[in-house]
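Trainee:
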């Protein structure tokens with residue numbers, strides 16, 4: 013076996029795809045979990061970022077790579093996974109109106125504009141919109157649940173998937189290869205998301221704990237033809253529901269639903285939507301983030317048979333395809349890491365290990 017990949021969230025999915033495409037022998041070890049961060053994510057690919065609608069870091073590099081990868085996966089899996097969308101922005105006050113106006117002027121060519129007043133009449137049936145409606149075209153939406161499940165089925169058909177909880181105490185790392193139970197692999201790549209916090213081989217890396225709540229809404233009268241944003245974001249799903257989220261909590265003791273946040277979200281939705289809606293589910297997941305929001309990608313500085321692909325954060329569906337392709341190339345060439353920056357970052361933290 014060339015590569016043993018631990019975890020089949022978005023990073024494990026994308027990396028195993030790239031390695032198989034490169035002709036490598038791969039086995040993915042994972043246990044499905046409905047609270048996996050990749051499943052709870054909104055999975056929107058947006059070239060702009062933040063309240064100021066500024067160009068996302070490296071968007072010109074990352075987004076074309078993402079679109080190409082997801083379209084290739086659609087062909088391979090014979091499944092629609094990527095949907096081009098319009099993002100409709102509903103400013104809450106005059107300050108947000110001014111911020112959007114400034115973004116239109118600054119981000120020339122980014123397809124930001126106001127919806128013409130004559131076109132807004134129909135939207136009054138669905139939303140309260142005192143400040144008008146801003147539009148961004150295009151953004152893209154990945155069907156995360158279908159992607160992960162279809163890829164899992166593909167791996168199973170390729171005899172490249174084992175469903176189990178990875179047992180760290182049964183991994184033996186030698187200079188040039190690893191042994192895990194009955195599997196001999198040239199390299200083990202940890203793609204565990206937040207599970208990496210408990211991985212004894214990754215101690216010293218600067219993982220941070222961050223959790224987010226999302227709601228799943230039924231709103232039969234709301235058109236599922238766009239993504240809507242006003243404080244919260246509403247994203248249509250393939251199952252007819254809307255993803256609604258999300259929040260960020262850095263201090264927490266459990267992954268139980270935050271009832272206070274749900275009450276806040278319901279109040280905001282009631283002020284925004286004119287159509288009836290109902291909460292169908294409240295989901296919580298812990299996000300894989302790092303101190304400084306820097307991805308952790310590369311080989312272990314002293315154990316070349318170990319590698320990590322983690323810490324992509326909230327834009328993992330946008331940046332993951334590019335980094336997966338780069339990591340695949342470098343692992344196959346047996347190079348050390350993606351760049352001096354990645355090398356320095358990993359050296360600094362992994363050097364704390366015994």
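In this note's numbering, the protein residues as written are 13 to 366. We put the beta carbon where it would ideally sit given N, CA and C, even for glycine. Since the model is a prediction, treat every value here as computed from it, not as a measurement.
Mind checking if residue 270 is an interface residue toward chain D, Cβ cutoff 7 Å exclusive?
Mentor: Chain labels in this structure do not include chain D; a single protein chain is all it has.
Trainee: Alpha carbons only, please: which of 53, 205, 295, 40 is nearest the one belonging to residue 195?
Mentor: Here residue 195 corresponds to residue number 183 of the chain shown, with the count starting at 1. Comparing Cα positions, the closest option is 40.
Trainee: Please return the same chain residues whose Cβ sits closer than 7 Å to the Cβ of residue 207, not counting the five positions on each side in sequence.
Mentor: Position 195 of the chain shown, counted from the start, is the residue given in the question as residue 207. Excluding sequence neighbours, residue 207 sits near 19.
Trainee: Quick check on the burial criterion: 16 or more other C-beta atoms within 10 angstroms. Buried or exposed for residue 184?
Mentor: Residue numbering aside, residue 184 sits at position 172 when the chain shown is read from its first letter. Exposed, by the Cβ-count rule.
Trainee: What runs of the alpha helix (DSSP H), each 4 residues or longer, lie entirely inside the region 97-167?
Mentor: 106-118
Trainee: Beta-carbon within less than 6 Å of residue 29's beta-carbon, same chain only, minus the 5 sequence neighbours each way: which residues are those?
Mentor: Against the chain shown, residue 29 aligns to sequence position 17. There are no such residues.
Trainee: How is residue 66 classed by DSSP in three states: helix, strand or coil?
Mentor: Within the chain shown, numbered from 1, the residue matching residue 66 stands at position 54. It is a strand residue.
Trainee: With a CB to CB cut of under 7 Å and the five nearest residues on each side skipped, what residues in its chain are close to residue 243?
Mentor: Numbered from its first residue, the chain shown carries residue 243 at position 231. Cβ within range, chain order: 104, 280.
Trainee: Between which two residues does the alpha helix (DSSP H) carrying residue 341 extend?
Mentor: Here residue 341 refers to the residue found at position 329 when the chain shown is read from its first residue. In the DSSP assignment, residue 341 falls within the alpha helix (DSSP H) that extends over 328-344.
Trainee: Rounded to whole angstroms, what is the Cα-Cα separation between residue 35 and residue 289?
Mentor: Numbered from 1 along the chain shown, position 23 holds the residue referred to as residue 35. Numbered from 1 along the chain shown, position 277 holds the residue referred to as residue 289. Residue 35 and residue 289: Cα-Cα distance of roughly 48 Å.
Trainee: Between residue 146 and the ligand FAD, is the CB less than 6 Å from at least one heavy atom?
Mentor: Annotation note on the ligand FAD: not contained in the displayed structure, which lists no ligands.
Trainee: So, do the region 293-303 and the region 145-159 have three or more beta carbon pairs nearer to each other than 8 Å?
Mentor: Three or more Cβ pairs closer than 8 Å define a contact, and the region 293-303 falls short of that threshold against the region 145-159.
Trainee: Going by beta-carbon coordinates alone, are residue 339 and residue 321 separated by less than 7 Å?
Mentor: Here residue 339 refers to the residue found at position 327 when the chain shown is read from its first residue. Here residue 321 refers to the residue found at position 309 when the chain shown is read from its first residue. For residue 339 and residue 321, yes; Cβs fall inside 7 Å.
Trainee: When DSSP labels each residue in this structure, what does residue 252 get in the three-state scheme?
Mentor: For the purposes of this step, residue 252 is identified with residue 240 of the chain shown, where counting begins at 1. DSSP places residue 252 in coil when its eight states are reduced to three.
Trainee: Give the secondary structure of residue 315 by DSSP, where H, G and I count as helix, E and B as strand, and everything else as coil.
Mentor: The residue you call residue 315 lines up with position 303 of the chain shown. Residue 315 carries a coil assignment under DSSP once its states are collapsed to helix, strand and coil.
Trainee: Strictly by DSSP, which residues pair up with residue 222?
Mentor: Working through the chain shown from its first residue, we reach residue 222 at position 210. DSSP lists 299 as partners of residue 222.
Trainee: May I ask you to verify whether the region 210-225 touches the region 186-193, counting CB pairs closer than 8 Å and requiring at least 3?
Mentor: no
Trainee: If you scan the region 174-223 from start to end, which runs of the beta strand (DSSP E) of 3 or more residues do you find wholly inside it?
Mentor: Unbroken beta strand (DSSP E) runs of no fewer than 3 residues, entirely contained in the region 174-223, are found at 183-185, 190-192, 195-197, 199-202, following chain order.
Trainee: Rounded to the nearest angstrom, how far is the Cβ of residue 200 from that of residue 317, given a contact under 8 Å?
Mentor: By one-based count along the chain shown, residue 200 stands at place 188. By one-based count along the chain shown, residue 317 stands at place 305. Confirmed, Cβ separation roughly 7 Å.
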